[in-house]
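For reference, the structure is listed below as structure tokens.
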């Protein structure tokens, strides 16, 4: 086994290591997010605002797909990092094999269930008589690509956990680099509408899956994928799912939130307000993915060194992550508050109603953005060290404990304004609780460090 990456995780200066891991992760996640957003730009500009609203109704379904990818991928990557830190290489190989097993099993179940309930599900998530045809057209293709999506996402997370940040970046660049020109070809040149966007997405997923499979069969991989490990081990499967439950629950909560948002926007606004929310969520994704890149850079360092009981390096990584996540949040907040119309016009340029909803929603919905960044880091920290209970609680604070009740109560008295301001109230309240949790954990890390010394 090539121990170079593992040696660096344990000994290389944390700041330099974070920086080296961050840029590949940033480029990779931004490329991945960008091609999803470009789907919406092409649909909004070349198919129409109703089609954009229809695809936005599919967004909660895509979030559910991502939830299962996180359940397996993040759970597997954390367990891989911890076992590499403990020098338990045999168990690390079993983690990789069981991750593949879970991808195949869950993908089959999700695809079958998706086709069985897709019509009532789309109605629940905000598709109307005007937009349901577009939503169905898009989702029919996407469901066939579930296994490709889950495999590519999950295995790429394991590549990053090995310390192979550059290869994980290339994975996402390959996927985005194929999807974007195919969007233009299918939507503009062949005039295939939302079907073209979906087909382009599936082809890019297939290419990503092929790339990560080649990696784990090659000498570049620290933990090679072998057939004898692709069989269920109850202990390892349970350990993967336990850690992955926090991001999984967060994504499922995101899906519920998106459904509530869409239904409230239709009730107190219009179909075009749903399209505007699709744009706003695209902006949210771009911002949060920058912070997710920080988490991706920090996760293998935190997980490996926590497993190796190098708690000082864990604290250094956590401190750097929180600082830069806050910087990203504050800078993004300033730009959004100053130039909301410019952001919305990237997606839709000929619909004054979408522009009006979008500008108002963007300003209100993200008014508490500066306190979101460190909360994402806190949730990731607890995942990275295998503290599933705390990770789940901190992660669900914003979406379940605060935001869902606010979305049920506030619009009844405040109408559309209540939809917009539910998010910043939730963000502020959860920010206070998250700060208390991480301060207590910081004190524990200091005590652990003294005990080890």
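Residue numbers (the numbering used here): 1 to 453.
Backbone N, C-alpha and C define an ideal beta-carbon position, used for all residues, glycine too.
Given the structure is predicted, the values throughout are model-derived calculations rather than measurements.
Indicate, with yes or no, if the ligand NAP has a heavy atom lying under 8 Å from the CB of residue 227. Inclusion of the ligand NAP in the displayed structure is not the case, the ligand content being empty and no account of it being possible.
Whole angstroms is fine: what's the gap from residue 72's alpha carbon to residue 211's? Straight-line Cα distance between these residues: approximately 18 Å.
Which same chain residues end up closer than 7 Å to residue 130 when comparing Cβ atoms and leaving out the 5 residues on each side of it in sequence? Answer for residue 130: 50, 271, listed in chain order.
Can you give the Cα-Cα distance for residue 152 and residue 144, rounded to whole angstroms? Rounded to whole angstroms, residue 152 and residue 144 show a C-alpha spacing of 14 Å.
Coil, strand or helix - residue 231 by DSSP: In the structure shown, residue 231 falls within a coil segment according to DSSP collapsed to helix, strand and coil.
Of all the options 248, 274, 404, which has the alpha carbon lying nearest to the alpha carbon of residue 361? The shortest Cα separation from residue 361 among 248, 274, 404 belongs to 274.
On the three-state DSSP scale, how would you describe residue 344? Of the three classes helix, strand and coil, the one that applies to residue 344 here is helix, per DSSP.
Is there contact between the segment 56 to 74 and the segment 306 to 322, where contact requires at least three CB pairs shorter than 8 Å? The answer is no - the segment 306 to 322 does not touch the segment 56 to 74, with fewer than three Cβ pairs under 8 Å.
Quick test of the definition: if touching needs 3 or more C-beta pairs under 8 Å, does the segment 226 to 235 touch the segment 367 to 378? No: fewer than three Cβ pairs fall under 8 Å.
So, for residue 42: in the same chain, excluding its five sequence neighbours on each side, which residues have a beta-carbon less than 8 Å away from its beta-carbon? Cβ contact annotation for residue 42 (same chain, cutoff 8 Å, sequence separation greater than five): 183, 184, 187, 188, 197, in chain order.
State yes or no: is the C-beta of residue 367 within less than 9 Å of the C-beta of residue 332? Contact flag unset, no.
Under the three-state reduction of DSSP, which class applies to residue 339: helix, strand or coil? Collapsing the DSSP output to three states places residue 339 in coil.
Residue 446 to residue 89, Cα distance in whole Å? Approximately 29 Å between the Cα atoms of the pair.
For residue 186, three-class secondary structure by DSSP: Three-state result, residue 186: helix.
Quick test of your reading: residue 115 and residue 258, contact by CB under 8 Å. State the CB separation rounded to the nearest angstrom. Contact flag wrong, Cβ pair sits at about 21 Å.
From this set, 246, 119, 170, which residue's C-alpha is nearest residue 388's C-alpha? Between residue 388 and the set 246, 119, 170, the nearest pair of CA atoms involves 246.
Going residue by residue through the segment 257 to 295, where are the continuous alpha helix (DSSP H) segments of at least 4 residues, counting only ones entirely within it? Those alpha helix (DSSP H) runs which fall completely within the segment 257 to 295 and span 4+ residues do not exist here.
Let me make sure I understand the geometry here. Which of 354, 208, 45, 147 has the alpha-carbon closest to that of residue 105? Of the candidates 354, 208, 45, 147, the one whose C-alpha sits nearest the C-alpha of residue 105 is 147.
The alpha helix (DSSP H) enclosing residue 86, as first and last residue numbers: Counting along the chain, residue 86 falls outside any alpha helix (DSSP H), and DSSP gives it neither H nor E.
Do the CB positions of residue 171 and residue 102 come within less than 9 Å of each other? Annotated as distal: residue 171 and residue 102, with beta-carbon spacing of 9 Å or more.
Flag this pair as touching only if the segment 136 to 143 and the segment 174 to 183 have three or more C-beta atom pairs under 8 Å; answer yes or no. These segments do not touch.
Spatially closest choice to residue 382 from 79, 22, 252, by CA coordinates: Checking every option, the nearest Cα to that of residue 382 belongs to 79.
Beta-carbon proximity of residue 266 to residue 348, cut-off 9 Å: Taking 9 Å as the Cβ cut-off, residue 266 and residue 348 do not qualify as a contacting pair.
My assumption, with CB atoms under 8 Å, is that residue 422 sits in contact with residue 410. Please give the rounded CB distance. At roughly 5 Å, the Cβ-Cβ gap stays under 8 Å, so residue 422 and residue 410 are in contact.
Report the three-state DSSP secondary structure of residue 201 (helix, strand or coil). DSSP places residue 201 in the helix class (H, G or I) of the three-state scheme.
If we ignore side chains and look at the alpha-carbon of each, how far apart do residue 256 and residue 289 end up? As the crow flies, the alpha-carbon of residue 256 is around 20 Å from that of residue 289.
Reference residue 86, options 343, 307, 430, 330, closest by Cα: Of the listed residues, the one whose Cα sits closest to residue 86 is 307.
Label residue 299 either buried or exposed according to how many other C-beta atoms from any shown protein chain fall within 10 Å of its C-beta, with 16 as the threshold for buried. By the neighbour-count criterion, in which 16 or more other beta carbons inside 10 Å mark a residue as buried, residue 299 falls on the buried side.
I'd like the span of the alpha helix (DSSP H) that includes residue 378, first residue to last. First-last of the alpha helix (DSSP H) with residue 378: 373 to 384.
Closest to residue 369 by C-alpha separation, out of 22, 329, 123, would be which residue? The shortest CA-to-CA distance from residue 369 to any of 22, 329, 123 is the one to 329.
Taking its Cβ as the centre, do 16 or more other Cβ atoms sit within 10 Å of residue 327, making it buried, or is it exposed? By the Cβ neighbour-count rule, residue 327 is exposed, with fewer than 16 other Cβ atoms within 10 Å of its own.
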